[in-house]
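Take a look at the structure set out below.
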Amino acid sequence: MSELRPITALGAAQPRLASFGALEIRENADLALASLALRFGTREPTPFGLTLPRTGRWVAGEGVAALWTGPGQWMIEAQGRVELDFTAELKQVAPGCSVTEQTDGWVAFEIISRAGSMPLESLLSKLVNIDPADLGPGRATRTGLDHMSCFVIRRGAAHVALLAARSSAGSLWHSLETAAKRQEEKVT
Amino acid sequence: MLMPHPLLGLRDAREFSYLGDARLLDRPDPNAPDAEAAFCDYVFLRDNPAGVHRELWFHEQGDRSWLVVTRDTVTHEVLGAELARDVALARKGSGA
Chain Z
30 MSELRPITAL GAAQPRLASF GALEIRENAD LALASLALRF GTREPTPFGL TLPRTGRWVA
90 GEGVAALWTG PGQWMIEAQG RVELDFTAEL KQVAPGCSVT EQTDGWVAFE IISRAGSMPL
150 ESLLSKLVNI DPADLGPGRA TRTGLDHMSC FVIRRGAAHV ALLAARSSAG SLWHSLETAA
210 KRQEEKVT
Chain U
354 MLMPHPLLGL RDAREFSYLG DARLLDRPDP NAPDAEAAFC DYVFLRDNPA GVHRELWFHE
414 QGDRSWLVVT RDTVTHEVLG AELARDVALA RKGSGA
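For the protein sequence lines, the chains are Z and U, in the order given.
Residue 30 is where the first sequence starts when you use the working numbering, and the numbers rise one by one after that.
Residue 354 is where the second sequence starts when you use the working numbering, and the numbers rise one by one after that.
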């Protein structure tokens, strides 16, 4: 029998990690994802005790988090449950809703600043054309980044996550790396 | 150019893609006796106004909603935007 080894979105055995000055960029290979959509006339569920966020927002609960993706639609995240059937679990707690497995469709990059929100906001302002006032902690939105469609999630003052199509993981990493490197060179 | 998205506020127009005249929402009844002529007009005939125009835009790199955008084709001024869903439902409700 052939021996199969799982690889990450960037094609390696281990998730990639890199530091640029105060910023650290990490490939998050352990994030399970499932989309949740209301059907006509269904009541909004509270999966795993989570009150689903309003327009343009992200909320975190116990081991799960959710971001608004469109009217009546959310993406549910579960850190560390990538090898479990998270979609089936979500279906159980969202009766009558449309739940679709999303894990393998996306790549997630976590960008963390070790020097407060400033370096992070400066990087974001170079990458996405969104008013920084609309990207405070707890906000999430989908936008274009170097012609790639991606979700920008502000998990905290010094923590942002990007979700993009898994097939463009390499291109997105290149964009982030280039912008972060230039910012690092400018500071030093 | 910025689009006043009814849910998300001002957004870069590059996040959107354009479809065409908002009259495309009024799809003729395929079972009506004059369906063929009605569909011929629906598919091929468009007004091409110099001035205020209502058109369909898709928020492709965003929340994936369809919008009805009112735009002045002479000045490119965007006069307003509403969710196409709301427009279609309101029309259905009024029986028009």
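C-beta: ideal position from N, C-alpha, C; glycine also.
Model, not experiment: these values are computed from the prediction.
The alpha helix (DSSP H) with Arg438 (chain U) in it runs from where to where? Taking the second sequence and counting its residues from 1, one reaches residue 438 (chain U) at position 85. Looking at the DSSP string, the run of the alpha helix (DSSP H) that includes Arg438 (chain U) is 437 to 447.
Cα-Cα separation between Ser142 (chain Z) and Pro148 (chain Z), rounded to whole angstroms: Residue numbering aside, residue 142 (chain Z) sits at position 113 when the first sequence is read from its first letter. Residue numbering aside, residue 148 (chain Z) sits at position 119 when the first sequence is read from its first letter. Computed Cα separation, rounded: 7 Å.
I'd like the list of long-range same chain contacts for Leu391 (chain U), defined as Cβ closer than 7 Å, with 5 residues on each side in sequence excluded. Locating residue 391 (chain U) in the second sequence gives position 38, counting from the first residue. Sequence inspection shows Ala at residue 391 (chain U); the Leu mentioned does not correspond to that position. Result list for Ala391 (chain U): Pro381, Ala385, in chain order.
Quick one: what's Gln102 (chain Z) bridged to in DSSP? In the first sequence, the residue the question calls residue 102 (chain Z) occupies position 73. Bridge partners of Gln102 (chain Z): Z:Ala66, Z:Gly99.
Can you confirm whether the region 61 to 77 of chain Z touches the region 354 to 366 of chain U when touching is taken to mean that 3 or more C-beta pairs between the two stretches lie within less than 8 Å? no
Hey, quick one: how far does the alpha helix (DSSP H) through Pro386 (chain U) stretch, first residue to last? Here the question's residue 386 (chain U) lines up with position 33 in the second sequence. Where Pro386 (chain U) is concerned, there is no enclosing alpha helix (DSSP H), given that its DSSP letter is neither H nor E.
CB-CB length for Cys179 (chain Z) against Leu191 (chain Z), believed under 8 Å: Position 150 of the first sequence, counting from 1, holds the residue named residue 179 (chain Z). Position 162 of the first sequence, counting from 1, holds the residue named residue 191 (chain Z). Sure, about 5 Å apart at Cβ, within 8 Å.
When you compare the region 196 to 216 of chain Z with the region 113 to 133 of chain Z, are there three or more beta-carbon pairs, one atom per stretch, that lie closer than 8 Å? no
Does Thr98 (chain Z) come within less than 8 Å of chain U when only Cβ atoms are used? If you number the first sequence from 1, residue 98 (chain Z) lands on position 69. Chain U, which has a Cβ nearer than 8 Å to the Cβ of Thr98 (chain Z), makes this yes.
C-alpha distance - Leu46 (chain Z) paired with Lys155 (chain Z), whole-angstrom precision: Stepping through the first sequence from its first residue, residue 46 (chain Z) is reached at position 17. Stepping through the first sequence from its first residue, residue 155 (chain Z) is reached at position 126. About 21 Å.
Taking three-plus beta-carbon pairs below 8 Å as touching, is the region 198 to 208 of chain Z in contact with the region 131 to 138 of chain Z? At 8 Å Cβ cutoff, the stretches touch.
To the nearest angstrom, report how far apart Trp273 (chain Z) and Met30 (chain Z) are at their CA atoms. Residue 273 (chain Z) is absent from the structure shown; chain Z starts at 30 and stops at 217.
Using only CA atoms, which one of Z:Ala209, Z:Ala41, Z:Leu60 lies nearest to Gln131 (chain Z)? Counting from 1 along the first sequence, the entry for residue 131 (chain Z) is found at position 102. Residue nearest to Gln131 (chain Z) within the set Z:Ala209, Z:Ala41, Z:Leu60 is Z:Leu60 (criterion: CA-CA distance).
Neighbouring residues, chain U, relative to Ser178 (chain Z) (Cβ below 9 Å): In the first sequence, counting from the first residue as 1, residue 178 (chain Z) sits at position 149. Residues of chain U passing the Cβ test: Glu368, Glu413, Gln414, Gly415.
What residues are listed by DSSP as bridge partners for Ile140 (chain Z)? For the purposes of this step, residue 140 (chain Z) is taken as residue 111 along the first sequence, with counting starting at 1. Its beta-bridge partners are Z:Ile54, Z:Val189.
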